[in-house]
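Worksheet: one structure, shown below.
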Amino acid sequence: MIKALSQNQLRRLEACSRWLREIRDSESFAQLDYHPDLTLGDAIQAVSELLQEHSPECQRRTPLAEGKGEKPIPKVGA
(Lines of atoms letter the chains of each structure in order from A; the text may use other names.)
(Lines give C-alpha, C1' and ligand atoms only; values in the text may rest on other atoms or scores of the structure.)
Protein backbone atom coordinates (compact mmCIF):
# COMPACT_ATOMS: atom_id res chain seq x y z
CA MET A 335 0.00 0.00 0.00
CA ILE A 336 1.34 3.40 -0.99
CA LYS A 337 1.06 5.98 1.76
CA ALA A 338 -0.36 9.29 0.56
CA LEU A 339 1.76 12.38 0.78
CA SER A 340 0.71 15.07 3.23
CA GLN A 341 -0.80 18.33 1.99
CA ASN A 342 2.41 20.08 3.05
CA GLN A 343 4.51 17.68 0.98
CA LEU A 344 2.22 18.13 -2.03
CA ARG A 345 2.46 21.93 -1.76
CA ARG A 346 6.25 21.71 -1.60
CA LEU A 347 6.39 19.45 -4.64
CA GLU A 348 4.13 21.85 -6.56
CA ALA A 349 6.43 24.73 -5.60
CA CYS A 350 9.49 22.73 -6.69
CA SER A 351 7.87 22.05 -10.04
CA ARG A 352 7.15 25.77 -10.56
CA TRP A 353 10.69 26.77 -9.53
CA LEU A 354 12.29 24.17 -11.81
CA ARG A 355 10.23 25.44 -14.78
CA GLU A 356 11.16 29.05 -13.96
CA ILE A 357 14.85 28.15 -13.84
CA ARG A 358 14.68 26.06 -17.03
CA ASP A 359 12.88 28.85 -18.90
CA SER A 360 15.14 31.66 -17.69
CA GLU A 361 17.54 33.40 -20.05
CA SER A 362 20.35 33.23 -17.51
CA PHE A 363 20.07 29.42 -17.30
CA ALA A 364 20.06 29.14 -21.09
CA GLN A 365 23.27 31.20 -21.20
CA LEU A 366 25.03 28.60 -19.06
CA ASP A 367 24.88 26.21 -22.03
CA TYR A 368 24.64 23.39 -19.49
CA HIS A 369 23.65 19.95 -20.84
CA PRO A 370 23.80 17.28 -18.12
CA ASP A 371 22.66 13.68 -18.62
CA LEU A 372 19.59 14.41 -16.47
CA THR A 373 17.98 17.74 -17.25
CA LEU A 374 15.66 20.08 -15.40
CA GLY A 375 12.96 18.71 -17.70
CA ASP A 376 13.64 15.24 -16.29
CA ALA A 377 13.30 16.60 -12.75
CA ILE A 378 10.07 18.39 -13.66
CA GLN A 379 8.69 15.17 -15.13
CA ALA A 380 9.64 13.17 -12.03
CA VAL A 381 8.00 15.69 -9.69
CA SER A 382 4.90 15.85 -11.91
CA GLU A 383 4.56 12.07 -11.95
CA LEU A 384 4.89 11.92 -8.17
CA LEU A 385 2.19 14.58 -7.82
CA GLN A 386 -0.09 12.75 -10.25
CA GLU A 387 0.27 9.52 -8.31
CA HIS A 388 -0.43 11.08 -4.92
CA SER A 389 -2.81 13.98 -5.51
CA PRO A 390 -6.38 13.58 -6.81
CA GLU A 391 -6.40 17.24 -7.89
CA CYS A 392 -3.24 16.77 -9.91
CA GLN A 393 -4.62 13.68 -11.63
CA ARG A 394 -7.24 15.90 -13.29
CA ARG A 395 -4.71 18.42 -14.61
CA THR A 396 -1.37 18.08 -16.33
CA PRO A 397 1.37 20.10 -14.59
CA LEU A 398 3.76 19.69 -17.52
CA ALA A 399 1.21 21.18 -19.88
CA GLU A 400 0.83 24.38 -17.88
CA GLY A 401 2.37 27.47 -19.33
CA LYS A 402 4.44 27.05 -22.46
CA GLY A 403 2.12 24.75 -24.40
CA GLU A 404 4.06 21.67 -23.43
CA LYS A 405 2.46 18.28 -23.64
CA PRO A 406 2.68 15.92 -20.67
CA ILE A 407 5.23 13.16 -21.16
CA PRO A 408 3.71 9.69 -20.74
CA LYS A 409 5.07 7.44 -18.04
CA VAL A 410 7.50 4.73 -19.06
CA GLY A 411 5.60 1.54 -19.76
CA ALA A 412 2.26 3.35 -20.07
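Under the working numbering, the residues of the sequence shown are numbered 335 to 412, in order. For every residue, glycine included, the Cβ atom is placed at its ideal position computed from N, Cα and C.
- By the Cβ test, the region 358-369 is not in contact with the region 382-389, since fewer than three Cβ pairs between them sit closer than 8 Å.
- The three-state secondary structure of Leu366, taken from DSSP, is coil.
- In the DSSP annotation of this structure, the continuous segment of the alpha helix (DSSP H) that includes Leu344 starts and ends at Gln341 to Asp359.
- At the C-beta level, Leu385 and Leu347 come within 8 Å of one another.
- Here Glu356 has no same chain residue with a Cβ atom under 6 Å from its own Cβ, once five neighbours each way along the sequence are excluded.
- If you compare the alpha carbons of Leu374, Gln343, Leu344 and Ala349 with that of Arg358, the shortest gap goes to Leu374.
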